[in-house]
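Engineer: So that we are looking at the same thing, I have put the structure below in structure tokens.
2 protein chains.
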Amino acid sequence: MSLVRRTIERYVKLTDAEWAVVAPHWQPRDFPKGAFITRTGEVEPWFSIVEQGVQRLFVEHDGSEVCVGFAYDGSWSGVYDSFVTRTPSRFAVQAVTDSRLWSIRREALYGLYDTVPAMDRWGRLILEELLIGRATREIEQLTLDAEARYRNLIRRSPHLLQLVAQKDIASYLRMTPETFSRLRARVR
Amino acid sequence: MSLVRRTIERYVKLTDAEWAVVAPHWQPRDFPKGAFITRTGEVEPWFSIVEQGVQRLFVEHDGSEVCVGFAYDGSWSGVYDSFVTRTPSRFAVQAVTDSRLWSIRREALYGLYDTVPAMDRWGRLILEELLIGRATREIEQLTLDAEARYRNLIRRSPHLLQLVAQKDIASYLRMTPETFSRLRARVR
DNA sequence: GCCGGCGCTTGATGTGGATCAAGAACCTTC
DNA sequence: GAAGGTTCTTGATCCACATCAAGCGCCGGC
Chain A
3 MSLVRRTIER YVKLTDAEWA VVAPHWQPRD FPKGAFITRT GEVEPWFSIV
53 EQGVQRLFVE HDGSEVCVGF AYDGSWSGVY DSFVTRTPSR FAVQAVTDSR
103 LWSIRREALY GLYDTVPAMD RWGRLILEEL LIGRATREIE QLTLDAEARY
153 RNLIRRSPHL LQLVAQKDIA SYLRMTPETF SRLRARVR
Chain B
3 MSLVRRTIER YVKLTDAEWA VVAPHWQPRD FPKGAFITRT GEVEPWFSIV
53 EQGVQRLFVE HDGSEVCVGF AYDGSWSGVY DSFVTRTPSR FAVQAVTDSR
103 LWSIRREALY GLYDTVPAMD RWGRLILEEL LIGRATREIE QLTLDAEARY
153 RNLIRRSPHL LQLVAQKDIA SYLRMTPETF SRLRARVR
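Order-wise, the sequence lines are chains A and B. Using this note's numbering, read the first sequence as starting at 3 and increasing by one per residue. Using this note's numbering, read the second sequence as starting at 3 and increasing by one per residue.
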């Protein structure tokens, strides 16, 4: 359980008293490989920290799927925009491997924002990090070609190639599996 | 000046005492049409609210520019990731029309986060909104073709077409000016 | 008011990556 | 361990969009 506290304390310090308020709201949730954690069209009630496993976040679009992100140990997982706006999610989240998440419900988190100021700040810092990640990804999409994006990925997250299907990586890099396969052969 | 207070109070209420603390840190900055507000490589020290004018946010990439966003009346303006991380900006911001911004420096804003809890929350709410906007834009890029993205833009922001060059809109929609021109002729 | 330049349009041509297709190497399941 | 499905690879074809090119119109500066 202290994974949650450790993760939060990467951003803000919590007193034991504050932790005592925060802790009860988090609960573990387990998903077998392949299970859907959030389906398109459902409102996302959870915000989660990944204890183990890999999940993929993707958009469905007339029959096909486009991967927009992955989550794994120590990162957060969920569909933040649906969580915040309480509108049906346009993204789906699926367990790529057996996964354990620690999750908090929306009402509980927003309650904590009101009662524990450190958590309000934590929310801000998490969002800053997410936004920076988005900006970085946008820059990559704009300034790097397919091969450079691939090289970047294997440099930053070499383990991903072992963990998730190449077709998911391909769609994450915005290309077809065929193009990805040829790229790998070429780059060797 | 009350534009700033009104804008902040769209998210959180401020007592007069809090406003008295917050207000002195905001200052107006004027830019003539064409002026750079932030250059690539500079660290962004400001977070701004637009009082008037239109600005474009773009990435430079071997000689050409790709527009990634616009800001106008009532929206915020700046390069948030450089602002937060104090690293050189990979984006540039330029005044498309004569512009007046109300701006606060990073140190001042982070000071307010510590002294005025409502501002900490404001920071979180602003970021939530920004992140939702990013998610929406990402979905659009993935699920809509060029023509649908164009229709979406003229539906949501018809005034933009009058205000900014078509080549900027074209790059915002991820196409060349030629393709955009042909699209407009075709769509009528 | 004239000149120069940039932005927009329109046409001709080229190409990177998508699509279609088929076979091989896998996991998974019974 | 055989059967069936999925994923990956490799080849052939195709096409949307980029690129190249030329002409026009508008605006700003002197």
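Just so you know, even glycine gets a beta-carbon here, dropped at the ideal spot from N, CA and C.
Nearest-angstrom Cα distance between R153 of chain B and F60 of chain B?
Structural biologist: 22 Å
Engineer: Under 8 Å: do the segment 107-123 of chain B and the segment 112-123 of chain A share three or more Cβ pairs, one atom per stretch?
Structural biologist: yes
Engineer: Take T9 of chain B and list the residues in its own chain whose beta-carbon comes closer than 7 Å to its own, dropping the five residues that flank it on each side.
Structural biologist: Cβ neighbours of T9 of chain B beyond the five flanking positions: I51, G76.
Engineer: Name the residues in the segment 127-151 of chain A whose C-beta lies less than 8 Å from a C-beta of chain B; which are they?
Structural biologist: L129, E130, L132, L133, I134, R136, A137, T138, E140, I141, L144, T145
Engineer: Does DSSP classify T40 of chain B as helix, strand or coil?
Structural biologist: Here T40 of chain B sits in strand by DSSP.
Engineer: Excluding the 5 residues preceding and the 5 following E46 of chain A in the sequence, name in chain order all residues of the same chain whose CB lies nearer than 7 Å to its CB.
Structural biologist: Around E46 of chain A: T40, G80, V81, S84, F85, S91.
Engineer: Could you check what DSSP says for W104 of chain A in three-state terms: helix, strand or coil?
Structural biologist: strand
Engineer: Taking D83 of chain B as part of the alpha helix (DSSP H), name the residues at either end of that continuous run.
Structural biologist: Residues 82-87.
Engineer: Tell me where the alpha helix (DSSP H) around F93 of chain A begins and ends.
Structural biologist: Note, F93 of chain A: premise wrong, no alpha helix (DSSP H); not H, not E.
Engineer: Look at the Cβ atom of G71 of chain A, then the Cβ atom of S101 of chain A, and state whether they are nearer than 8 Å.
Structural biologist: Judged by their CB atoms, G71 of chain A and S101 of chain A are not nearer to each other than the 8 Å cut-off.
Engineer: I need the boundaries of the beta strand (DSSP E) containing E46 of chain A, first residue and last residue.
Structural biologist: From DSSP, E46 of chain A is part of no beta strand (DSSP E); its letter is neither H nor E.
Engineer: Can you find a C-beta in chain B that's less than 8 Å from the C-beta of Y13 of chain A?
Structural biologist: no
Engineer: Are there 16 or more other CB atoms within 10 angstroms of the CB of V95 of chain B, so buried, or fewer, so exposed?
Structural biologist: Buried, since its Cβ has 16 or more Cβ neighbours within 10 Å.
Engineer: In its own chain, which residues sit with a C-beta less than 6 Å from the C-beta of E67 of chain A, not counting the 5 before and 5 after it?
Structural biologist: F60
Engineer: Is it the case that the Cβ atoms of L114 of chain A and E130 of chain B are separated by a distance below 8 Å?
Structural biologist: no
Engineer: Please name the residue, chosen from A:R186, A:W104, A:I156, that lies closest to R7 of chain A on a Cα-to-Cα basis.
Structural biologist: A:W104
Engineer: Is the Cβ-Cβ distance between H161 of chain B and A110 of chain B less than 8 Å?
Structural biologist: no
Engineer: Using a Cβ-Cβ cutoff of less than 6 Å, which residues in the same chain neighbour Y13 of chain B once the five nearest sequence positions on both sides are dropped?
Structural biologist: Within the same chain, W124, L127 come within 6 Å of Y13 of chain B by CB-CB distance, once the 5 residues on both sides are set aside.
Engineer: Counting only the same chain and skipping the five closest in sequence on each side, list residues whose C-beta sits under 8 Å from that of R88 of chain B.
Structural biologist: V45, R108
Engineer: Pull up the distance between the alpha-carbon of W78 of chain B and that of R188 of chain A, whole angstroms please.
Structural biologist: 44 Å
Engineer: What's the C-alpha gap between F33 of chain A and R58 of chain A?
Structural biologist: 13 Å
Engineer: Looking at the secondary structure, which residues open and close the alpha helix (DSSP H) in which H161 of chain A lies?
Structural biologist: 160-165
Engineer: Please state the DSSP three-state secondary structure of L59 of chain A.
Structural biologist: strand
Engineer: Rounded to whole angstroms, what's the CA-CA distance from R184 of chain B to I141 of chain A? Just pull it up for me.
Structural biologist: 27 Å
Engineer: Can you give me the C-alpha to C-alpha distance between P179 of chain B and A148 of chain B, rounded to a whole angstrom?
Structural biologist: 12 Å
Engineer: Anything in chain B within Cβ reach of Y74 of chain A, meaning under 7 Å, just list it in chain order.
Structural biologist: By Cβ distance, chain B contributes nothing, its closest Cβ being about 20 Å from Y74 of chain A, past 7 Å.
Engineer: So what does DSSP say about W28 of chain A, is it helix, strand or coil?
Structural biologist: Coil, per DSSP.
Engineer: Could you give the distance in angstroms between the alpha-carbon of D64 of chain B and the alpha-carbon of A137 of chain B?
Structural biologist: 27 Å
Engineer: Helix, strand or coil for S77 of chain A per DSSP?
Structural biologist: The three-state reading of DSSP puts S77 of chain A in coil, since its state is none of H, G, I, E or B.
Engineer: At a Cβ threshold of 8 Å, is D18 of chain A touching chain B?
Structural biologist: no
Engineer: Which residue from B:T145, B:L144, B:A19, B:G36 puts its Cα closest to that of A167 of chain B?
Structural biologist: B:G36
Engineer: What residue range is occupied by the uninterrupted alpha helix (DSSP H) comprising V189 of chain B?
Structural biologist: 179-189
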